[in-house]
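Remember, our numbering sits 24 above the position in the sequence shown when you count from 1.
Structure, as structure tokens:
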Amino acid sequence: MSTEGQPESLSGKPASAVAPGKEHDTLAASGPELDKAPGHWLLARMGKRVLRPGGRELTEKLITALKITPADDVVEFAPGLGFTAGLVLLRQPRTYTGVERDESAAAVARRAVAGPARRIIVGDAGQSGLASGCASAVYGEAMLTMQSDTQKAGIVQEAARLLRSGGRYGIHELCLKPDDLTEEMKLEIQRELAQAIRVNARPLTVGEWKALLAGAGMQVKFEATNPMHLLKPARMVADEGILRALKIAFNILRTPAARRRVLHMRAILNRYADNLSAVALVAVKP
Numbered sequence: 025m026s027t028e029g030q031p032e033s034l035s036g037k038p039a040s041a042v043a044p045g046k047e048h049d050t051l052a053a054s055g056p057e058l059d060k061a062p063g064h065w066l067l068a069r070m071g072k073r074v075l076r077p078g079g080r081e082l083t084e085k086l087i088t089a090l091k092i093t094p095a096d097d098v099v100e101f102a103p104g105l106g107f108t109a110g111l112v113l114l115r116q117p118r119t120y121t122g123v124e125r126d127e128s129a130a131a132v133a134r135r136a137v138a139g140p141a142r143r144i145i146v147g148d149a150g151q152s153g154l155a156s157g158c159a160s161a162v163y164g165e166a167m168l169t170m171q172s173d174t175q176k177a178g179i180v181q182e183a184a185r186l187l188r189s190g191g192r193y194g195i196h197e198l199c200l201k202p203d204d205l206t207e208e209m210k211l212e213i214q215r216e217l218a219q220a221i222r223v224n225a226r227p228l229t230v231g232e233w234k235a236l237l238a239g240a241g242m243q244v245k246f247e248a249t250n251p252m253h254l255l256k257p258a259r260m261v262a263d264e265g266i267l268r269a270l271k272i273a274f275n276i277l278r279t280p281a282a283r284r285r286v287l288h289m290r291a292i293l294n295r296y297a298d299n300l301s302a303v304a305l306v307a308v309k310p
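Given below as structure tokens:
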């Protein structure tokens, strides 16, 4: 769930606006502010750190499929709180560059990835300003979903431009199912999601996500899916750990505006559970 430049999933304002460990400073936000806030910005305020639609499990599958080694030059679009960057940096790539859309989000990401041969730049994922062929691996999570079709294509084309021949591009996004879902149902889901999370989410089917990558001249080599269980208790514990999951639940319960929003989001996700999922794809540039 997240827009270009925001971190961990369906949102319109970066969840990275809340620095790790600072959730308690933001709970005093007014009811009207929380009512209008993008869904994942709200969840970040409640203390949630893993906001990707397929959870930590699908993120880990994506990173494994990217096969990052100490020989790789890695670019990440919208690193946000730096959760996935931390997993990547454990693999000790030669260089790591994160692209964030504004200085506020970049400052949070810099704290998360500080170290030699690591940097966060401010730029647009569709026009990063980085040199062509500068990367052997590029990835982004929960940010294409929030873009228009034109913006989606532009970001994927930019990833292809940054990659050297043989380079890998990975995505982790919200998806619709089945592939033959009617246009009417797609529009209904988009409308209901937008009302619940306060952002225009435009998920694609798995087939459409694959076609988007193929349209940029890349060949999909890996595919995995996971249920869209972002607000399910079991997923919350798996992603955050039992203690943090309890803290998040407590924060939501003691914040009436947040509680109303979370219940609404959960109701929509449950209503369309048969048609919503998360997908991770890795494609290779020939």
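Every residue, glycine too, gets a C-beta built ideally from N, C-alpha and C.
Tell me whether A240 is buried or exposed, calling it buried when 16 or more other Cβ atoms sit within 10 Å of its Cβ. Within the sequence shown, numbered from 1, the residue matching residue 240 stands at position 216. That one is buried.
What residue does the beta strand (DSSP E) around I145 start on, and which one ends it? In the sequence shown, residue 145 corresponds to position 121, counting from 1. It spans 142-146 - the beta strand (DSSP E) in which I145 sits, taken as one unbroken run.
Just reading off the alpha helix (DSSP H) that R215 is part of, what are its end residues? Start at 1 with the first residue of the sequence shown, and residue 215 comes out as number 191. Unbroken alpha helix (DSSP H) run through R215: 207-221.
Straight-line CA distance for V308 to E100? Reading the sequence shown from its first residue, position 284 is the one you call residue 308. Reading the sequence shown from its first residue, position 76 is the one you call residue 100. Their backbone Cα atoms lie some 16 Å apart in a straight line.
Mind checking whether T121 and R143 have CB atoms under 8 Å apart? Along the sequence shown, read from residue 1 onward, the residue named residue 121 stands at position 97. Along the sequence shown, read from residue 1 onward, the residue named residue 143 stands at position 119. At a Cβ-Cβ threshold of 8 Å, T121 and R143 count as neighbours.
Output the distance between the C-alpha atoms of I92 and V180, rounded to the nearest integer angstrom. Here residue 92 refers to the residue found at position 68 of the sequence shown. Here residue 180 refers to the residue found at position 156 of the sequence shown. One C-alpha to the other measures close to 20 Å.
Residues in the same chain with beta-carbon distance under 6 Å from R185, minus the five sequence neighbours each way, listed in chain order, please. Walking along the sequence shown from the start, residue 185 turns up at place 161. These residues qualify, in order along the chain: S156.
What do you get for V306, buried or exposed, if any count of 16 or more other CB atoms within 10 angstroms of its CB means buried? As a first step, residue 306 is located in the sequence shown; it is residue number 282 there, counting from the start. Burial call: buried.
Which runs of the beta strand (DSSP E) at least 3 residues long sit entirely within the segment 72-145? Give them in chain order. 97-101, 119-124
Determine, using beta carbons only, whether R73 and A166 come nearer to each other than 8 Å. Mapped onto the sequence shown, residue 73 falls at position 49. Mapped onto the sequence shown, residue 166 falls at position 142. Contact: no.
Would you say S172 and R226 are within 8 Å of each other, going by their C-beta atoms? Mapped onto the sequence shown, residue 172 falls at position 148. Mapped onto the sequence shown, residue 226 falls at position 202. Yes; because the gap between Cβ atoms is below 8 Å, this pair is in contact.
Sufficient close CB pairs (3 or more, under 8 Å) joining the segment 121-131 to the segment 145-163: Cβ pair count under 8 Å is three or more, so yes.
I need the straight-line Cα distance from D126 to Q243, nearest angstrom please. Looking up residue 126 in the sequence shown gives position 102. Looking up residue 243 in the sequence shown gives position 219. The alpha-carbon atoms of D126 and Q243 are separated by roughly 31 Å.
Do G63 and R222 have their C-beta atoms within less than 8 Å of each other? The residue you call residue 63 lines up with position 39 of the sequence shown. The residue you call residue 222 lines up with position 198 of the sequence shown. Closer than 8 Å, so yes.
Status (buried if at least 16 other CB within 10 Å, exposed otherwise) for M2: Outside the shown range of the chain, which is 25 to 310, sits residue 2, and nothing can be said about it.
DSSP three-state label for E253, please. Taking the first residue of the sequence shown as 1, we reach residue 253 at position 229. The sequence as given places His at residue 253; Glu does not occur at that position. Three-state result, H253: coil.
Within 10 Å of its beta-carbon, does D97 have 16 or more other beta-carbons around it, so buried, or fewer, so exposed? Here residue 97 refers to the residue found at position 73 of the sequence shown. Buried is the call here.
Under 8 Å by Cβ, that's how I've got L58 and A218 pegged, so tell me the actual separation to the nearest angstrom. The count along the sequence shown starts at 1 and reaches residue 58 at position 34. The count along the sequence shown starts at 1 and reaches residue 218 at position 194. The distance from the Cβ of L58 to that of A218 is about 17 Å, inconsistent with a contact at the 8 Å cut-off.
Determine the DSSP secondary structure at R192, reduced to helix, strand or coil. The residue given as residue 192 occupies position 168 in the sequence shown. DSSP places R192 in strand when its eight states are reduced to three.
Bounding residues of the alpha helix (DSSP H) (the contiguous stretch that carries A166): Within the sequence shown, residue 166 is the residue found at index 142, counting from 1. Run containing A166: none; DSSP gives neither H nor E here.
When DSSP labels each residue in this structure, what does K245 get in the three-state scheme? For the purposes of this step, residue 245 is identified with residue 221 of the sequence shown, where counting begins at 1. Strand, per DSSP.
Indicate the three-state DSSP secondary structure (helix, strand or coil) for L66 in the structure shown. Here residue 66 corresponds to residue number 42 of the sequence shown, with the count starting at 1. Helix.
Range of the contiguous beta strand (DSSP E) that encloses A304: Mapped onto the sequence shown, residue 304 falls at position 280. Segment 300-308, the beta strand (DSSP E) holding A304.
Quick one, are the C-beta atoms of R259 and G110 less than 8 Å apart? As a working mapping, residue 259 is identified with position 235 in the sequence shown. As a working mapping, residue 110 is identified with position 86 in the sequence shown. Against a cut-off of 8 Å, the Cβ pair of G110 and R259 comes out as no contact.
Taking the straight line between their C-alpha atoms, what separation do you get for Q214 and A177? Along the sequence shown, read from residue 1 onward, the residue named residue 214 stands at position 190. Along the sequence shown, read from residue 1 onward, the residue named residue 177 stands at position 153. When rounded, the distance between both Cα atoms is 19 Å.
Under a three-way DSSP split, which group does K46 fall into? Along the sequence shown, one-based indexing puts residue 46 at 22. Its pLDDT being 44, under 50, K46 is placed unreliably by the model, and the measurement read from it follows with that caveat. Coil.
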